[in-house]
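Chemist: In my numbering, the protein residues as written are 534 to 759. So that we are looking at the same thing, I have put the structure below in structure tokens.
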Amino acid sequence: MFWSNMTKVEGGLYVDGIDTNRIGLKDLRSKLSIIPQEPMLFSASLRDNLDPFHEFTDDVLWSALQDVELNKAFVSLDQSVDQSGSNLSAGQRQLLCLARAIVKRNKVLVLDEATANVNPATDALIQKTIRINFKDCTVLTIAHRLNTIMDSDRVLVMNFGETVEFDHPHILLQKNNGYFTKMVQQTGNNMAEHLRKIPEEAYNNEKPLPTTDNRTVKNGVNKKVD
Numbered sequence: 534m535f536w537s538n539m540t541k542v543e544g545g546l547y548v549d550g551i552d553t554n555r556i557g558l559k560d561l562r563s564k565l566s567i568i569p570q571e572p573m574l575f576s577a578s579l580r581d582n583l584d585p586f587h588e589f590t591d592d593v594l595w596s597a598l599q600d601v602e603l604n605k606a607f608v609s610l611d612q613s614v615d616q617s618g619s620n621l622s623a624g625q626r627q628l629l630c631l632a633r634a635i636v637k638r639n640k641v642l643v644l645d646e647a648t649a650n651v652n653p654a655t656d657a658l659i660q661k662t663i664r665i666n667f668k669d670c671t672v673l674t675i676a677h678r679l680n681t682i683m684d685s686d687r688v689l690v691m692n693f694g695e696t697v698e699f700d701h702p703h704i705l706l707q708k709n710n711g712y713f714t715k716m717v718q719q720t721g722n723n724m725a726e727h728l729r730k731i732p733e734e735a736y737n738n739e740k741p742l743p744t745t746d747n748r749t750v751k752n753g754v755n756k757k758v759d
């Protein structure tokens with residue numbers, strides 16, 4: 534399970550001003566929403582999959598379904614969802630997991646190859662929905678589709694488990710022989726040109742976050758830890 538063996542980390546990691554080393558694993562997990570590559574759904578009602586502990590109203594659940602354009606795919610919150618969502622399409626399963634994250638409204642969202650198995654149209658819908666609903670949150674994206682991370686505040690490039698680059702994607706692309714630059718170049722000239730424009734526009738329109746390995750996440754904004 535996520536963070537099951539990582540409750541102690543080097544340096545300081547804060548969520549909403551709380552030191553994650555000082556809270557229990559259950560409380561820590563409750564602060565995070567995670568959308569993995571393989572959607573986690575279970576045999577139960579639509580309501581139970583969206584809100585397992587019945588903490589939210591029907592209006593909140595339907596609003597989340599509308600945000601991911603699934604409100605017309607279901608006629609009732611009591612409608613059945615099979616184990617692993619086997620009665621839904623791959624795209625619907627992932628969108629349902631995204632709707633669950635929208636319902637929860639946690640300040641930290643982790644996307645682990647969340648769009649790897651969906652078609653481009655669903656991928657685009659997921660990206661748009663995340664940028665609207667989680668614009669004030671910290672979003673950590675693990676991805677192989679470069680278009681999903683090009684407007685990130687920071688990109689961490691790893692090679693054989695080691696960090697080799699970490700900065701704003703526009704800054705990384707100024708390195709002609711950099712790892713990230715080579716990854717973008719491998720997409721082809723036309724796609725590379727398109728990908729380069731995304732971080733350049735984001736970089737020019739918004740002041741980048743300061744480079745630091747120690748950060749706190751408070752109200753969805755990364756800040757330097759003194």
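Using N, Cα and C, we set each Cβ at its ideal position, and we do this for glycine too.
Cα separation between ARG678 and ALA649?
Modeler: Cα-Cα distance, rounded: 8 Å.
Chemist: So what's SER619 in DSSP terms, helix, strand or just coil?
Modeler: In this structure, SER619 counts as coil in the three-state DSSP scheme.
Chemist: Are VAL603 and LEU594 touching if we call contact CB-CB under 8 Å?
Modeler: It should be pointed out that residue 603 corresponds to Leu in this sequence rather than to Val. Result no, Cβ atoms of LEU603 and LEU594 do not sit closer than 8 Å.
Chemist: On a Cα-Cα basis, can you pick out the residue from VAL548, LEU579, VAL717 and CYS630 that is closest to ARG702?
Modeler: As written in the sequence, residue 702 is Pro, which differs from the Arg given in the question. For PRO702, the nearest C-alpha among the options comes from VAL717.
Chemist: If ILE731 and ASP656 are in contact, beta carbons under 8 Å, what's the gap, nearest whole angstrom?
Modeler: Not really, about 15 Å apart at Cβ, beyond 8 Å.
Chemist: If you run the structure through DSSP and keep just helix, strand and coil, what is ASN477?
Modeler: Since the first and last residues shown for the chain are 534 and 759, residue 477 lies out of range.
Chemist: Based on the DSSP secondary-structure assignment, which residues constitute the bridge partners of GLU698?
Modeler: Note: GLU698 sits in a beta bridge opposite VAL690.
Chemist: Compare the C-alpha of VAL643 against each of ASP611, ALA676 and SER619 and name the closest.
Modeler: Nearest C-alpha to VAL643: ALA676.
Chemist: Quick check on DSSP: helix, strand or coil for ALA577?
Modeler: Three-state result, ALA577: strand.
Chemist: CA-CA distance, GLY618 and ARG626?
Modeler: Straight-line Cα distance between these residues: approximately 6 Å.
Chemist: Leaving aside the five residues before and after MET691 along the sequence, list all residues of the same chain whose C-beta is less than 7 Å from its C-beta, in chain order.
Modeler: Here the set comprises VAL697.
Chemist: Let's see if you can read the secondary structure: which residues bound the alpha helix (DSSP H) around THR674?
Modeler: THR674 -> not in any alpha helix (DSSP H); beta strand (DSSP E) instead, spanning 671-675.
Chemist: According to the Cβ coordinates, are ASP645 and ILE556 closer than 8 Å?
Modeler: Cβ distance not < 8 Å, so ASP645 and ILE556 don't count as in contact.
Chemist: Alpha carbon to alpha carbon, how far is VAL672 from VAL754? Give it in angstroms, no decimals.
Modeler: Confidence in VAL754 is poor, its pLDDT being 37 and thus under 50, which makes the residue's placement unreliable; the coordinate value appears in the next sentence. When rounded, the distance between both Cα atoms is 10 Å.
Chemist: Given ARG687, which residues of its chain have a CB within under 7 Å of its CB, disregarding the five upstream and five downstream residues?
Modeler: Excluding sequence neighbours, ARG687 sits near PHE699, ASP700, HIS701 and LEU742.
Chemist: Going by the beta-carbon positions, is the gap between VAL515 and SER576 smaller than 8 Å?
Modeler: The chain is shown from 534 up to 759; residue 515 falls before or after that span and cannot be answered.
Chemist: DSSP state of ILE659, grouped into three classes?
Modeler: It is helical.
Chemist: Mind checking PRO585: buried by the 16 CB within 10 Å criterion, or exposed?
Modeler: So PRO585 counts as exposed.
Chemist: Looking only at its chain, what residues have a beta carbon closer than 7 Å to the beta carbon of ASN639, apart from the 5 residues adjacent to it on each side?
Modeler: Around ASN639: LYS564, LEU565 and SER566.
Chemist: Under 8 Å Cβ to Cβ from LEU610, same chain only, skipping five residues before and after it: list those, please.
Modeler: Cβ neighbours of LEU610 beyond the five flanking positions: SER578, LEU579, ARG580, LEU583, ASP591, LEU594 and TRP595.
Chemist: Starting from the C-beta of LEU631, find all residues in its chain whose C-beta is less than 7 Å away, skip the five residues before and the five after it, and write them out in chain order.
Modeler: The answer, listed in chain order, is ILE568, VAL601, ILE659 and THR662.
Chemist: As a quick exercise: from TYR547, PRO572 and GLN570, pick the residue whose alpha carbon is nearest that of LEU561.
Modeler: LEU561 has its Cα closest to that of TYR547, out of TYR547, PRO572 and GLN570.
Chemist: Considering only DSSP beta bridges, list what SER613 is partnered with.
Modeler: According to DSSP, which records beta bridges pairwise, SER613 is partnered with SER578.
Chemist: Taking the alpha helix (DSSP H) that VAL717 belongs to, which residues open and close that run?
Modeler: It spans 712-718 - the alpha helix (DSSP H) in which VAL717 sits, taken as one unbroken run.
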